[in-house]
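Engineer:
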Amino acid sequence: KAGVTQTPRYLIKTRGQQVTLSCSPISGHRSVSWYQQTPGQGLQFLFEYFSETQRNKGNFPGRFSGRQFSNSRSEMNVSTLELGDSALYLCASSRRGGSEAKNIQYFGAGTRLSVL
Amino acid sequence: DQQVKQNSPSLSVQEGRISILNCDYTNSMFDYFLWYKKYPAEGPTFLISISSIKDKNEDGRFTVFLNKSAKHLSLHIVPSQPGDSAVYFCAASAQTTGTASKLTFGTGTRLQVTL
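Following this line, the structure appears as structure tokens:
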């Protein structure tokens with residue numbers, strides 16, 4: 003079974019630009035969550051999408067947005083990039099459901115974004 | 688406000704010995720805890736989890752202990768192997784509040800297993 007796939011793996015952008023990152027979840031997983039990892043703040047939750055709807059949101063500005071498609075694939079968009087947005091962006095998928103096992107999140111390898 | 692804390696940034700253990708990684712949390716709503724291992728340039732890999740209704744969960748060489756009254760959990764790796772060298776993250780979620788997908792992570796502990 004294929005794992006979580008994130009594209010691209012690396013990205014270089016300049017301040018003010020926007021960027022779109024993509025995530026394909028594990029087959030059968032309908033929930034996709036996004037996280038930002040930086041040396042200073044560690045791993046922080048951005049948002050979760052399930053059934054094409056945002057279900058949970060972390061404490062990030064509105065420049066960070068996402069969406070989910072009917073096949074559960076998800077995209078994350080960051081507009082008006084700032085230097086501080088340089089980070090590893092991780093996507094995780096889960097089945098999402100009543101049992102704890104269904105809520106275990108499995109991560110992709112991430113997209114390393116550098117903002118110059 | 689760091690709700691999940693891993694106070695030891697690094698730990699060095701000899702091969703074959705026990706590795707003990709610790710994690711403390713402050714949010715009483717957390718009811719599900721997970722440990723992830725992360726190698727450089729890879730995403731976190733799920734290791735083991737524990738629900739707040741249990742105090743121990745075992746999976747092969749990995750055992751997680753939960754002390755709810757102390758808001759403390761620990762991961763034991765026995766015996767430690769060189770391939771265990773990685774950064775270990777503790778994570779917590781509040782499943783009963785509908786935010787099971789929102790994992791709060793600790794800052795990680797870098798484990799080095801020496802020969």
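Protein chains in written order, with our numbering: chain A, 3 to 118; chain B, 688 to 802.
Note that the Cβ used here is the ideal one computed from N, Cα and C, for glycine as well.
Note that the structure is a prediction, hence the values are computed from the model and not measured.
Using 10 angstroms around the beta-carbon of residue 4 of chain A, count the other beta-carbons present and answer buried if the total reaches 16, otherwise exposed.
Structural biologist: Locating residue 4 of chain A in the first sequence gives position 2, where the first residue counts as 1. Residue 4 of chain A comes out exposed.
Engineer: Using only the alpha-carbon positions, how far apart do residue 87 of chain A and residue 38 of chain A sit?
Structural biologist: Numbered from its first residue, the first sequence carries residue 87 of chain A at position 85. Numbered from its first residue, the first sequence carries residue 38 of chain A at position 36. Approximately 9 angstroms between the Cα atoms of the pair.
Engineer: Between which two residues does the beta strand (DSSP E) carrying residue 117 of chain A extend?
Structural biologist: For the purposes of this step, residue 117 of chain A is identified with residue 115 of the first sequence, where counting begins at 1. Where residue 117 of chain A is concerned, the enclosing beta strand (DSSP E) stretches over 113 to 117.
Engineer: Would you give the residue range spanned by the beta strand (DSSP E) that residue 712 of chain B belongs to?
Structural biologist: Numbered from its first residue, the second sequence carries residue 712 of chain B at position 25. Run containing residue 712 of chain B: 706 to 712, per the beta strand (DSSP E) assignment.
Engineer: Taking 8 angstroms as the cut-off, decide whether the C-beta atoms of residue 71 of chain A and residue 54 of chain A are in contact.
Structural biologist: By 1-based counting over the first sequence, the position of residue 71 of chain A is 69. By 1-based counting over the first sequence, the position of residue 54 of chain A is 52. Cβ distance < 8 angstroms, so residue 71 of chain A and residue 54 of chain A count as in contact.
Engineer: Along chain B, which residues have their Cβ under 7 angstroms away from the Cβ of residue 85 of chain A?
Structural biologist: On the first sequence, residue 85 of chain A is found 83 positions in, with the first residue counted as 1. In chain order: nothing, as chain B lies at least about 22 angstroms away.
Engineer: Take residue 765 of chain B and list the residues in its own chain whose beta-carbon comes closer than 7 angstroms to its own, dropping the five residues that flank it on each side.
Structural biologist: Within the second sequence, numbered from 1, the residue matching residue 765 of chain B stands at position 78. Excluding positions up to five away in sequence, the list reads 705, 748.
Engineer: My output table needs one value for residue 803 of chain B: the three-state DSSP class, helix, strand or coil.
Structural biologist: What is shown of chain B runs 688 to 802, which leaves residue 803 of chain B out entirely.
Engineer: In the DSSP output, which residue or residues are listed as bridge partners for residue 725 of chain B?
Structural biologist: Reading the second sequence from its first residue, position 38 is the one you call residue 725 of chain B. The partner list for residue 725 of chain B (beta bridge, DSSP) reads B:774.
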